[in-house]
Amino acid sequence: MRNRQFYIFLLLLFQVLPGQAQLDSITVLDEVVVDSKLQNFSTGQTLINLPDSLTRGTTPLLTSVLNFYTPVFFKENGLGMVSSASFRGTTASQTAVLWNGININSQLNGQTDFNTINIVGYDNIMVRGGGGSVVYGTGAIGGTIHLNTDLSFREKVENELFFEYGSFNTLDAQYRLKAARGDWSASIAAARQHSDNDYAYPDEKGENMNGQFYNNTLNLGVAYRLNNDNIFRLYTENFYGNRHFSLIRPSETKTKYRNENNRYLLEWENKAAVFTSLLKIAFLEEYYRYYGNIASENFSYGEAENYIIGYDLKYNFSDDILFNIDLTNTYTEGEGSNLGRNSRNIFSAVTFIKHRLTEKFTYEGGLRKEVTENYESPLLFSLSGSYRFSDFYSLQVNASRNFRIPTYNDLYWTSAGNTDLNPETSLQGEVGNRFFWQNFELNLTLYYIDIDEMIRWVPGNDGLWRPRNEDEVRTYGTETFLNWNKRLGDLHIDLNGSYAYTVSENLKTLKQLIYVPYHKGTMAAVVDYNNWEFHFQYLYNGEVFTRSDNNSRYNLSSYSVFNSGISYAFGKKRNSRLGVRGLNVFNKAYESVENRWMPGRNFKINLTLNF
């Protein structure tokens with residue numbers, strides 16, 4: 016593989032960690048917050064935290080987790096195939112994915128394929144709705160997805176092995192280690208998934224052909240505390256996947272796709288009186304090969320290398336006022352069969368202020384400006400406030416200007432790229448209402464987004480498709496979240512639900528954008544009684560248009576999917592589990608992309624060992 020040096024480092028770590036850990040006494044500190052900006056600068060916006068108790072009931076790829084627990088809509092080209100998101104009616108490239116605070120959307124197409132992300136290496140997954148470009152840069156228009164590995168210095172050694180086998184010869188195997196002693200902390204996670212993926216379509220609609228896939232994931236997090244004022248952290252993530260793309264018709268040529276993502280992040284956190292600084296150095300690499308005919312060795316390819324250095328400085332002016340300055344430089348090199356070889360450099364400067372004016376009222380504001388030779392970047396802003404009227408009700412408001420920069424494909428695609436493109440920009444606002452009563456929480460958010468200069472690939476006079484700034488899009492709607500948990504003796508119930516109503520229309524045609532449902536709802540419950548745990552999941556997606564003229568002949572019908580599972584805890588500490596899951600238990604025939612049918616009823620059995 017392309018990252019041999021990483022595995023050498025991993026072997027050295029196993030040699031260093033135990034010996035070094037015995038030298039120092041233990042100081043118990045609070046858990047380390049990886050993305051402090053998410054905690055400090057989300058006033059006025061809704062944060063959804065997905066705990067382990069819920070995500071245990073899903074398949075390990077990120078698509079399944081977010082699909083059943085959030086309002087985000089996913090286009091999935093069959094089980095395990097390419098998966099893209101639509102958040103608040105925006106496009107796949109307008110949702111930013113953050114890995115330990117670093118934007119990991121592809122430099123080539125601006126998107127994240129959510130079926131290339133295994134959740135095994137993350138301790139918490141959070142979703143933030145609404146604009147976040149001031150904080151997180153390009154693509155954060157519809158919302159942001161945050162994947163974090165937490166490192167603390169609380170003494171522990173925790174091992175977990177997970178095995179699951181099920182229909183279509185599908186195997187998921189995972190190993191996790193969380194260890195800390197003295198001034199060292201480590202998190203290691205590895206996963207392997209493979210499947211023949213040869214499921215029959217429900218209602219005798221056919222069989223999934225050429226859909227087999229496998230992928231490997233390795234995540235590492237290491238922290239070293241030099242003293243109470245200086246902490247060093249290293250995060251790495253390596254993913255390798257091989258997928259045969261499913262066929263629509265038997266007569267089609269069989270294809271396959273190999274991709275590799277390697278991510279490395281080094282941090283130095285320093286605390287000095289009222290100042291906290293964070294130096295970040297990151298290297299992100301993406302690489303793919305596409306075989307248009309698996310019988311041939313010929314392939315097309317694309318790759319990009321991203322070098323990031325950032326300096327973040329926080330100044331606590333008082334207990335109630337926080338200033339933050341962030342300076343980041345990003346240098347990208349990319350090349351491919353249809354891209355040639357190109358590079359670009361982006362420098363960004365960001366400033367924030369957060370002020371708790373009273374015990375009930377907090378507000379914050381931020382500005383961001385980028386400098387590059389490739390396009391003219393707008394000045395971005397955000398302004399938010401939160402007022403707690405009572406223990407029962409609080410109000411949140413947010414307004415912001417956000418953007419998405421042109422991708423490598425947009426700028427440099429051979430004979431079609433357009434280096435004169437402007438970034439997409441958006442003005443948006445939202446109002447959030449939060450209600451609390453005993454063990455019940457309800458969040459109701461109303462939002463409006465106006466997107467200008469949307470980049471579209473359209474045919475020119477010569478018949479060739481080229482990108483240009485063309486459309487203006489308006490999206491608005493509501494999001495509702497509820498959470499209720501109750502403990503009655505040995506019985507513990509945790510209930511979560513969401514509903515989204517979304518209008519996303521092209522202002523030239525007043526037509527709904529394709530693959531944006533008006534309605535999406537989810538419901539999930541975990542019931543824990545003595546040694547038994549029961550999982551229930553429900554997903555409803557309303558009908559979607561697949562043609563820009565909204566021709567009803569080509570609509571994809573609405574569908575409901577229901578999953579359930581049961582597990583039994585055993586062992587002296589009840590920390591191991593044996594379980595079984597049923598997916599799509601009512602055998603619903605459904606598709607989220609035209610002619611890409613998903614599996615019918617299928618089952619999996621799993622074993623979890625903790626020691």
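Mapping to the working numbering: the sequence shown position 121 is 136, numbers consecutive. We put the beta carbon where it would ideally sit given N, CA and C, even for glycine. Model, not experiment: these values are computed from the prediction.
At least 3 beta-carbon pairs within less than 8 Å: the stretch 220-237 vs the stretch 196-212: yes
Nonlocal neighbours in the same chain, by C-beta distance under 7 Å from tyrosine 302, ignoring five residues either side: In the sequence shown, counting from the first residue as 1, residue 302 sits at position 287. The answer, listed in chain order, is Asn274, Glu275 and Glu318.
Environment of threonine 78 [buried if 16+ CB atoms lie within 10 Å]: Translated into positions along the sequence shown, residue 78 becomes position 63. Threonine 78 should be labelled buried.
Beta-ladder partner(s) of tyrosine 216, from DSSP: By one-based count along the sequence shown, residue 216 stands at place 201. DSSP, once it has assigned bridges, lists no residue as partnering tyrosine 216.
Cβ-based burial, serine 430 [other Cβ within 10 Å; buried from 16]: To locate residue 430, count along the sequence shown from 1; it is residue 415. Classification for serine 430: exposed.
Neighbour-count burial assignment, glycine 152, 16 or more Cβ in a 10 Å radius: Translated into the one-based positions of the sequence shown, residue 152 becomes position 137. Buried is the call here.
In DSSP terms, what methionine 96 is bridged to: Here residue 96 is taken as the residue at index 81 of the sequence shown, counted from 1. Its beta-bridge partners do not exist; DSSP assigns none.
CB of asparagine 521 within 9 Å of CB of aspartate 465, strictly: The count along the sequence shown starts at 1 and reaches residue 521 at position 506. The count along the sequence shown starts at 1 and reaches residue 465 at position 450. Contact: no.
9 Å Cβ cutoff met for glycine 59 and valine 412: Numbered from 1 along the sequence shown, position 44 holds the residue referred to as residue 59. Numbered from 1 along the sequence shown, position 397 holds the residue referred to as residue 412. Against a cut-off of 9 Å, the Cβ pair of valine 412 and glycine 59 comes out as a contact.
Contacting residues, own chain, Cβ-Cβ under 6 Å from leucine 192 (five flanking each side not counted): Locating residue 192 in the sequence shown gives position 177, where the first residue counts as 1. Only Asn174 and Ile203 meet the Cβ criterion.
Proximity of aspartate 50 and leucine 113 at Cβ, strictly below 9 Å: By 1-based counting over the sequence shown, the position of residue 50 is 35. By 1-based counting over the sequence shown, the position of residue 113 is 98. Yes, these two residues count as a Cβ contact at 9 Å.
Endpoints, the alpha helix (DSSP H) within which valine 149 is located: What you label residue 149 is simply residue 134 of the sequence shown in a count that begins at 1. Per DSSP, valine 149 belongs to the alpha helix (DSSP H) from 148-151.
Close-in-space but distant-in-sequence residues of the same chain around glutamate 312 (CB under 6 Å, 5 per side omitted): On the sequence shown, position 297 is the one that residue 312 refers to. Answer for glutamate 312: no residue qualifies.
CA-to-CA distance, histidine 507 to serine 399, given in whole angstroms: Reading the sequence shown from its first residue, position 384 is the one you call residue 399. Reading the sequence shown from its first residue, position 492 is the one you call residue 507. Each residue's Cα considered, the two are about 36 Å apart.
Which residues DSSP lists as bridging aspartate 465, in chain order: Within the sequence shown, the letter at position 450 stands for residue 465. DSSP output for aspartate 465 lists Leu442 and Arg489 as bridge partner(s).
Range of the contiguous alpha helix (DSSP H) that encloses phenylalanine 83: As a position in the sequence shown, residue 83 is number 68, starting the count at 1. 77-84 is the span of the alpha helix (DSSP H), which, as asked, contains phenylalanine 83.
Whole-number beta carbon distance between asparagine 556 and serine 607, since they are thought to touch under 8 Å: As a first step, residue 607 is located in the sequence shown; it is residue number 592 there, counting from the start. As a first step, residue 556 is located in the sequence shown; it is residue number 541 there, counting from the start. That belief holds up - the Cβ atoms of serine 607 and asparagine 556 are roughly 7 Å apart, short of 8 Å.
9 Å Cβ cutoff met for serine 321 and threonine 343: The residue you call residue 321 lines up with position 306 of the sequence shown. The residue you call residue 343 lines up with position 328 of the sequence shown. Checking the sequence, you will find asparagine at residue 321 rather than serine. No, Cβ-Cβ distance for asparagine 321 and threonine 343 is not below 9 Å.
Exposed unless 16 or more other CB atoms sit within 10 angstroms - verdict on tyrosine 633: Limits of the chain in this structure are 16 at one end and 626 at the other, which puts residue 633 out of reach.
Span of the beta strand (DSSP E) around asparagine 174: As a first step, residue 174 is located in the sequence shown; it is residue number 159 there, counting from the start. From DSSP, the beta strand (DSSP E) with asparagine 174 extends over 171-181.
Beta-carbon proximity of asparagine 55 to lysine 369, cut-off 9 Å: One-based indexing of the sequence shown puts residue 55 at position 40. One-based indexing of the sequence shown puts residue 369 at position 354. In contact: asparagine 55 and lysine 369 (Cβ atoms closer than 9 Å).
Buried versus exposed call for arginine 264 [16 or more other C-beta atoms within 10 Å across all chains shown]: Taking the first residue of the sequence shown as 1, we reach residue 264 at position 249. Arginine 264 comes out exposed.
Where leucine 26 falls, given that 16 or more other Cβ within 10 Å makes a residue buried: Translated into the one-based positions of the sequence shown, residue 26 becomes position 11. Residue placement at leucine 26 cannot be trusted, given a pLDDT of 40 that sits under 50; the coordinates are not used to answer.
Alanine 107 (DSSP reduced to helix, strand or coil): By one-based count along the sequence shown, residue 107 stands at place 92. Helix, per DSSP.
Beta-carbon proximity check, valine 595 vs glycine 580, cutoff 9 Å: Locating residue 595 in the sequence shown gives position 580, counting from the first residue. Locating residue 580 in the sequence shown gives position 565, counting from the first residue. It is a contact, given that the beta carbons lie within the stated cut-off.
Residue ranges of each beta strand (DSSP E) within the stretch 331-411, 3 or longer: 336-351, 355-371, 376-386 and 395-403
Residue of Ala297, Leu337, Glu609 and Phe247 minimising C-alpha distance to tryptophan 283: Translated into positions along the sequence shown, residue 283 becomes position 268. Among Ala297, Leu337, Glu609 and Phe247, the Cα nearest to that of tryptophan 283 is on Phe247.
Where proline 66 falls, given that 16 or more other Cβ within 10 Å makes a residue buried: Taking the first residue of the sequence shown as position 1, residue 66 is located at position 51. Flag for proline 66 reads exposed.
Beta-carbon separation (whole angstroms), methionine 613 vs leucine 94, contact threshold 8 Å: Locating residue 613 in the sequence shown gives position 598, counting from the first residue. Locating residue 94 in the sequence shown gives position 79, counting from the first residue. Confirmed, Cβ separation roughly 6 Å.
Residue interval of the alpha helix (DSSP H) (run including alanine 424): The residue labelled residue 424 in the question sits at position 409 within the sequence shown. The sequence given here has asparagine at residue 424, not alanine. Note, asparagine 424: alpha helix (DSSP H), 423-427.
Span of the beta strand (DSSP E), counted from its first residue to its last, around leucine 571: Taking the first residue of the sequence shown as position 1, residue 571 is located at position 556. Element bounds for leucine 571: n/a, residue is neither H nor E.
Under the three-state DSSP convention, the category asparagine 321 falls into: Reading the sequence shown from its first residue, position 306 is the one you call residue 321. Three-state DSSP puts asparagine 321 in a strand.
Whole beta strand (DSSP E) elements within the stretch 507-565, 3-residue minimum: 534-544 and 547-556
Member of Lys329, Tyr190, Asn82 and Thr377 whose CA lies at the smallest distance from the CA of threonine 623: By one-based count along the sequence shown, residue 623 stands at place 608. The candidate whose alpha carbon is nearest that of threonine 623 is Tyr190.
Residues near glycine 380 by beta carbon distance below 6 Å, same chain, minus five either side: For the purposes of this step, residue 380 is identified with residue 365 of the sequence shown, where counting begins at 1. Here the set comprises Ile368 and Leu398.
Residue from Ile134, Phe83 and Arg103 with nearest C-alpha to tyrosine 462: Numbered from 1 along the sequence shown, position 447 holds the residue referred to as residue 462. The shortest Cα separation from tyrosine 462 among Ile134, Phe83 and Arg103 belongs to Arg103.
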